[in-house]
Amino acid sequence: MALHFFNSYSREIEEFQPRDPAQRKISIYTCGPTVYSRAHIGNFRAYIFEDLLQRHLELRGYKVHRVMNITDVDDKTIRGTREAKIPLSKFTAQFKEAFFEDIETLRIKRADDFPAATDQRYIDKMIEMIAALISRGLAYQADDKSVYFRINKFPDYGKLAHFDLTQLQSTGRVKHDEYDKEHIGDFALWKAWDEEDGDIGWESPWGRGRPGWHIECSAMSTALLSDQIDIHCGGVDNIFPHHEAEIAQSEGVTGKKFVRYWLHCAHLLVDGQKMSKSLGNFYTLPNLLEKGYTGREIRYALMRVHYRAPLNFTWEGMEEARQALARINEWLVRLREAAAKNIDKGKNKTQPGSLFEEALDDDLNISAALGFLFESIRETNRTMDRNKLDASSARAWLNWWERVNNVLDLETENEVVLSAEVAQLAKDRENARREKNWKQSDELRDRISALGWEVRDTNDGQKLTPRMGSG
RNA sequence: GGCGGGGUAGCCAAGUGGUAAGGUCGCGGUCUGCAAAACCGCUAUUCGCGGGUUCGAUUCCCGCCCCCGCCUCCA
97 MALHFFNSYS REIEEFQPRD PAQRKISIYT CGPTVYSRAH IGNFRAYIFE DLLQRHLELR
157 GYKVHRVMNI TDVDDKTIRG TREAKIPLSK FTAQFKEAFF EDIETLRIKR ADDFPAATDQ
217 RYIDKMIEMI AALISRGLAY QADDKSVYFR INKFPDYGKL AHFDLTQLQS TGRVKHDEYD
277 KEHIGDFALW KAWDEEDGDI GWESPWGRGR PGWHIECSAM STALLSDQID IHCGGVDNIF
337 PHHEAEIAQS EGVTGKKFVR YWLHCAHLLV DGQKMSKSLG NFYTLPNLLE KGYTGREIRY
397 ALMRVHYRAP LNFTWEGMEE ARQALARINE WLVRLREAAA KNIDKGKNKT QPGSLFEEAL
457 DDDLNISAAL GFLFESIRET NRTMDRNKLD ASSARAWLNW WERVNNVLDL ETENEVVLSA
517 EVAQLAKDRE NARREKNWKQ SDELRDRISA LGWEVRDTND GQKLTPRMGS G
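Residue numbers for the first sequence follow this note's numbering, so the first one is 97 and each next one is one higher.
Given below as structure tokens:
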């Protein structure tokens, strides 16, 4: 089955055909964080979705070039730097650093480029694009000295969001300077300097000021990818106005189709409510780590629901993630033992299939893909219970897992080393068991458990595994 | 008001015009000295509600209800 994605632009599932199929190269642009505070887990849901997308494309043999922008100048960063009374670059640096820390914890692959809006290279590019838009009559400088995009001159404006612009209603959420603009929907390309900006600003043909938010993405995607990109991702809330504006700006300059496939991720909810910085009901990654959850547990919890469906974050869901991963762990341990045992009963016919990746081909149907994974786990466990899984089959399953895990990236990283204390207790317990001193054996099991290790007695003696979440 | 996305077991969730994957939780069983893990069995006669089409609908059509979101700088 060929790759299919739901394209927000057409609102249909479409077969994926990259711009340059022969090269197997794909360009992806993803909207990154605005670094005015620590990103919350809702942000990371979107980034994990993009990570899953990239990894699956790579599994399918594509070479992905992905760009993620960092918005490091806007109203909120300026407010932040003013309140903190430190320079903008210093203010945003701390959140950039936190962001990279967090994506590493969540095992999100780094983009190839993380362009920053304040980089002079991109400021220049933005100015260049704005000038082109003005020369084409698509933009104008208003009385307030800011430059705006003239949406009436761009007939496709509203096509992505499927908005009828005459129906636009102000929510009052954002204050805008309606008197300076020709149309209420005209959006800023260049914002004229005002007092609140302090020493933040760049010179331009239209005077000192700073870029509007949308133009940075148009400039960076054009500069780093090309006039036309294969896939552009973001949260659904970015569809309007942000992505709509990007289309208008980029196509207004190049005259070419900007993006082939628009993929948008639904929101993460907390207790059924949208999670957002402005509402203050958000968790950051450190908040969850403090509760004892690991990066991979959080990764699983954020990944397991289809990207176009809302994901309701709950602690019950975190617990579920933990248990599901523990199940995978156990399975891998057994498989590796089976692969090493070199028994050859040769009767097992359970073979890994390709259903996992085929599910992902279908608009990243992760639930179906995980369904196949867990079915496979049950089947192979059943076979191993009967001691019927031969070594070569076990190896085949392990190879399959490696492939699957390239996409999921859910395996425990390092073996947690037994402390000398636990090792000694285990040894004592072994002796106690040899003497069938069950009382002492159970006491020791409790003590080992208190130290974070679970004890299991198997045919091959006792086995210790670190309790989930502790490692 | 306009435009989206959802509503499937306690919770999360896949799915199809032919009678409901998977995860998690709970209960019972096998195994065990007891556990744990694993496996087996049970847990939705039913897929928000009401109509319609059909031999048959959770799946298609119509109407309605509920939740979440977007409607000018939120992923």
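Positions of the beta carbon are idealized from the N, C-alpha and C atoms, including for glycine. Values in this document were obtained by computation on a predicted structure and should not be read as measured data.
My output table needs one value for residue i: the three-state DSSP class, helix, strand or coil.
i	result
residue 479	helix
residue 553	strand
residue 330	strand
residue 558	strand
residue 183	coil
residue 318	helix
residue 380	strand
residue 389	coil
residue 213	coil
residue 424	helix
residue 359	strand
residue 137	helix
residue 298	strand
residue 115	coil
residue 304	coil
residue 110	strand
residue 130	strand
residue 173	helix
residue 266	In this predicted model, residue 266 has a pLDDT of only 48, less than 50, meaning its place in the structure is not dependable enough to derive any value.
residue 325	strand
residue 259	coil
residue 271	Any reading at residue 271 must be qualified, since the residue scores a pLDDT of 46, below 50, and its modelled position is unreliable; the value itself is stated next. Coil at residue 271, not helix or strand.
residue 468	helix
residue 337	helix
residue 279	coil
residue 413	helix
Which whole-angstrom value is the C-beta distance of residue i and residue j, which I expect to be below 8 Å?
i	j	result
residue 393	residue 362	Not a contact, Cβ separation roughly 21 Å.
residue 252	residue 343	7 Å
residue 213	residue 307	6 Å
residue 234	residue 249	5 Å
residue 282	residue 245	6 Å
residue 448	residue 496	3 Å
residue 229	residue 348	5 Å
residue 126	residue 330	7 Å
Suppose you measure from the CA of residue i to the CA of residue j; what does that come to, to the nearest Å?
i	j	result
residue 108	residue 165	27 Å
residue 270	residue 280	Reliability fails at residue 270, whose pLDDT of 44 lies under 50, so the model's placement of it is uncertain and the value that follows must be treated cautiously. Those two C-alpha atoms are separated by around 12 Å.
residue 99	residue 110	8 Å
residue 410	residue 387	13 Å
residue 550	residue 512	13 Å
residue 567	residue 227	Note that residue 567 scores 42 on pLDDT, short of 50, meaning its location in the model is unreliable; the coordinates nonetheless yield the value given after this. Rounded to the nearest angstrom, the two C-alpha atoms are 54 Å apart.
residue 316	residue 255	22 Å
residue 425	residue 518	21 Å
residue 502	residue 491	17 Å
residue 389	residue 145	20 Å
residue 367	residue 560	37 Å
residue 379	residue 136	5 Å
residue 147	residue 198	14 Å
residue 287	residue 507	47 Å
residue 413	residue 473	21 Å
residue 337	residue 304	25 Å
residue 159	residue 326	12 Å
residue 302	residue 284	13 Å
residue 398	residue 192	21 Å
residue 481	residue 529	24 Å
residue 168	residue 215	9 Å
residue 131	residue 509	29 Å
Pull up the DSSP beta-bridge partners for residue i, would you.
i	result
residue 243	237, 286
residue 408	365
residue 162	124
residue 458	100
residue 167	130
Any chance the stretch 176–189 sits against the stretch 428–436, with 3 or more Cβ pairs inside 8 Å? No, the stretch 176–189 does not touch the stretch 428–436.
Using a Cβ distance threshold of 8 Å, determine whether the stretch 452–465 contacts the stretch 145–156, with at least three qualifying pairs required. The stretch 452–465 is in contact with the stretch 145–156.
Do the stretch 307–318 and the stretch 187–194 touch if we need at least three Cβ pairs shorter than 8 Å? When C-beta atoms of the stretch 307–318 are compared with those of the stretch 187–194, fewer than three pairs fall below 8 Å, so the two segments do not count as touching.
The stretch 393–403 / the stretch 136–147 touching (three or more Cβ pairs under 8 Å): Yes, the stretch 393–403 touches the stretch 136–147.
Mind the definition here: the stretch 463–479 touches the stretch 112–122 only if three or more C-beta pairs lie below 8 Å; say whether that holds. The answer is no - the stretch 112–122 does not touch the stretch 463–479, with fewer than three Cβ pairs under 8 Å.
Between the stretch 315–331 and the stretch 156–163, can you find at least three pairs of beta-carbon atoms closer than 8 Å? These segments touch.
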